[in-house]
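Residues in the sequence shown are numbered from 1 upward in steps of one, following our numbering.
Just so it is clear, CB atoms sit at the ideal spot from N, CA and C, and this is done for glycine as well.
Note that the structure is predicted; figures quoted are calculated from it, not measured.
Okay, structure first, notes after.
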Amino acid sequence: MDIKLKCPVCGRELSDMGKTLQCSGGHSFDRARQGYVNLLPVQFKHSLDPGDTAEMLKARRRFLDGGSYETICKSVLSAMKQYAPKNPRVLDIGCGEGYYTAKLRADMPGDYIGIDISKEGARMACSRDKGILFLVATASRLPIADSQLDCVCAMFSLLLPEEYARVLKKGGCVVEVTVGSDHLRELKSIIYDEVFPQDKHPAECTELFDEALRQEYRYELVLDNPSLRDLLMMTPHFWRIRKDKREMLEATDSLRLTVNYWVRVLVRK
Ligand SMILES: C[S@@+](CC[C@H](N)C(=O)[O-])C[C@H]1O[C@@H](n2cnc3c(N)ncnc32)[C@H](O)[C@@H]1O
């Protein structure tokens with residue numbers, strides 16, 4: 001792994017000592033049995049167990065392994081192939097259980113790091129690909145030295161322009177996937193009495209980046225009952241849905257859904 005990491009406590013460079021990552025300031029972080037390293041000091045946690053829960057991550061894994069979002073992964077790859085160099089150094093922000101991180105590396109080999117604030121996410125992600133370094137860390141204080149990366153991917157995740165610009169090389173890119181206004185609209189219209197369009201276009205960040213691509217995608221999906229339950233569980237809708245509506249969805253045999261998303265590429269100035 002050629003990407004220089006920095007200590008989340010004091011900012012000094014971290015050296016890989018095999019079973020631990022250590023800095024010259026005396027801070028040391030053990031590699032877990034599964035291979036991930038926890039670089040999220042307790043003082044940066046907003047809760048005991050931040051991020052997606054084990055239940056959500058398991059549902060996400062089942063759903064994604066069913067191939068329903070493979071098209072999304074292909075759109076990200078196509079953007080990466082256009083804007084990132086061969087053998088790129090890539091960071092996947094909010095990597096979850098590692099579906100996209102592993103698929104991207106399989107198609108576009110390079111040095112990959114996946115970061116998630118959820119320890120369970122990093123733990124599960126390790127089983128996808130042992131060649132990827134998965135870290136428990138927060139996107140708002142990346143444990144990565146300046147100007148290290150060719151590409152930062154943020155799939156349905158956070159966009160923090162200043163922090164991503166810091167870790168990218170000049171000419172490196174952010175590939176970002178955000179939901180479009182029609183995304184899963186059929187599901188939302190069952191869950192909510194009123195559905196408001198939710199085109200999550202992030203703030204312009206022209207001082208740091210040039211926008212190289214902004215493309216909308218749309219396709220249809222027919223989900224069977226188990227996949228529908230998993231989709232519900234892996235999204236925040238699960239926590240908001242009323243009991244009667246959940247029961248209704250749990251009894252639905254199949255549902256036709258719109259998948260609608262945007263891929264945006266920002267190139268570091
Ligand atoms: C909607 S999920 C997307 C997961 C994955 N990119 C995918 O599409 O399958 C968002 C992920 O971001 C993680 N997350 C939330 N806040 C975070 C933060 N501040 N830093 C890093 N990860 C975070 C969550 O734990 C969750 O796994």
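Rounded separation between Q82 and K19 - CA only:
Reading the sequence shown from its first residue, position 82 is the one you call residue 82. Reading the sequence shown from its first residue, position 19 is the one you call residue 19. Their backbone Cα atoms lie some 37 Å apart in a straight line.
Rounded C-alpha distance that separates R123 from R214:
Translated into the one-based positions of the sequence shown, residue 123 becomes position 123. Translated into the one-based positions of the sequence shown, residue 214 becomes position 214. R214 has its alpha-carbon roughly 33 Å from the corresponding atom of R123.
Is the CB-CB distance between V179 and C153 below 7 Å?
Counting from one through the sequence shown, the residue named residue 179 turns up at place 179. Counting from one through the sequence shown, the residue named residue 153 turns up at place 153. Not in contact: V179 and C153 (Cβ atoms no closer than 7 Å).
Which residues mark the beginning and the end of the beta strand (DSSP E) in which I93 is found?
Residue numbering aside, residue 93 sits at position 93 when the sequence shown is read from its first letter. In the DSSP assignment, I93 falls within the unbroken beta strand (DSSP E) covering R89 to I93.
Indicate, with yes or no, if ligand 1 has a heavy atom lying under 6 Å from the CB of I117.
Position 117 of the sequence shown, counting from 1, holds the residue named residue 117. Checking the Cβ of I117 against ligand 1 gives yes.
Would you decide whether K130 is buried or exposed? Buried here means 16 or more other CB atoms lie within 10 Å of its CB.
Walking along the sequence shown from the start, residue 130 turns up at place 130. Result: exposed.
Hey, would you say A84 sits closer than 7 Å to C151, going by beta carbons?
Position 84 of the sequence shown, counted from the start, is the residue given in the question as residue 84. Position 151 of the sequence shown, counted from the start, is the residue given in the question as residue 151. Yes.
Out of F238, W239, T235 and I190, which has the shortest C-alpha to C-alpha gap to T252?
Within the sequence shown, the letter at position 252 stands for residue 252. The residue with the shortest Cα to Cα distance from T252 is I190.
Just to confirm the assignment, what range does the alpha helix (DSSP H) spanning K81 have?
Position 81 of the sequence shown, counting from 1, holds the residue named residue 81. Per DSSP, the continuous alpha helix (DSSP H) segment holding K81 begins and ends at E70 to Y83.
Alpha carbon to alpha carbon, how far is R128 from I270? Give it in angstroms, no decimals.
Residue 270 lies beyond the range of the chain shown here (1 to 269); nothing can be said about it.
Within this structure, are the beta carbons of S75 and V265 separated by less than 7 Å?
Residue 75 sits at position 75 when you count from the first residue of the sequence shown. Residue 265 sits at position 265 when you count from the first residue of the sequence shown. With respect to the 7 Å criterion, S75 and V265 are not classified as neighbours on the basis of their beta carbons.
Considering just the uninterrupted stretch of the alpha helix (DSSP H) at I191, what are its terminal residues?
By one-based count along the sequence shown, residue 191 stands at place 191. Per DSSP, I191 belongs to the alpha helix (DSSP H) from R185 to I191.
Between R105 and K169, which are expected to be in contact by the criterion C-beta below 8 Å, what is the C-beta distance as a whole number of angstroms?
Residue mapping note: residue 105 aligns to position 105 of the sequence shown, counting from 1. Residue mapping note: residue 169 aligns to position 169 of the sequence shown, counting from 1. About 19 Å; that fails the 8 Å criterion.
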